[in-house]
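For the sequence shown, the positions run 179 to 350 when our numbering is used. C-beta atoms are modelled at their ideal positions from N, C-alpha and C, and glycine is treated no differently. As the structure is a computational prediction, the values presented were derived from the model and not from experiment. Worksheet: one structure, shown below.
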Amino acid sequence: RAAREELRRALGGRAKGESPVAEAAARQARAAVPRAASLLPAEKLLLVLLTQGAAGVEAALDTLDESDFAGLRAGSLLRAAQKVARRDERVSLGALEAELQDEAERRLLTEIAVAGGPSEGLTAQDCVRELRSRPLAARMEELQRQIGTADGAALDALLVEKGSLKKRMAEL
């Protein structure tokens, strides 16, 4: 009987005596933090490198600014890693777990660390470059659509902006 109750709890079923409100609150807390599968590949791989304490992660994190975290599902985890790095501490799974206050974030970090991922030939700077280029690439796509319908001075302005974006992307 005890084994059944434990299995039911592990599979997400409600145990005897647990209120529906408590169950709903637990579901909401689990849903508040993204699952590893919902992260961008560059986001997940950067977190894998962080949990492994890979070389160069501190320097890569230092190049991120607040606007780079916008739209990232694991932005809070990366901010925490950046805090650790800016205190001149080595970024590792233990250091990140100590920095995180939220249990759901710790679970996500542990899930990523356990799952691991390919890290050969991959650097933290590669992941950061990919994350920083995403908004620029999105703007480039938007410009391309607008160029198709623009003419005259508007077209010239769009082409100048496109050239500027290409230059910024190359500098990343």
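Three-state secondary structure (DSSP) at residue i?
i	result
Arg-317	helix
Ala-207	Any reading at Ala-207 needs caution, since the residue's pLDDT is 49, under 50, leaving its predicted position unreliable; the model's value is listed next. Ala-207 falls in the helix class under three-state DSSP.
Glu-184	helix
Lys-340	helix
Val-262	helix
Val-269	coil
Thr-241	coil
Leu-250	coil
Gln-279	coil
Pro-219	helix
Asp-304	helix
With distances taken Cα to Cα, identify the nearest neighbour of residue i among the options.
i	options	result
Leu-225	Gly-326, Asp-266, Glu-289 and Leu-350	Glu-289
Arg-307	Thr-241, Leu-286, Arg-285 and Arg-317	Thr-241
Glu-267	Arg-323, Leu-239 and Glu-221	Leu-239
Gly-234	Gln-260, Leu-250, Ala-252 and Leu-255	Gln-260
Phe-247	Arg-310, Glu-298 and Ala-316	Arg-310
Asp-280	Ala-252, Glu-339 and Gly-295	Ala-252
So is residue i buried or exposed if we call it buried at 16+ other beta carbons inside 10 Å?
i	result
Val-262	buried
Lys-344	exposed
Gln-206	Note that Gln-206 has pLDDT 46, beneath the 50 cutoff, so the model's placement of it is unreliable and the number below is only indicative. By the neighbour-count rule (16 or more Cβ atoms within 10 Å), Gln-206 is not buried but exposed.
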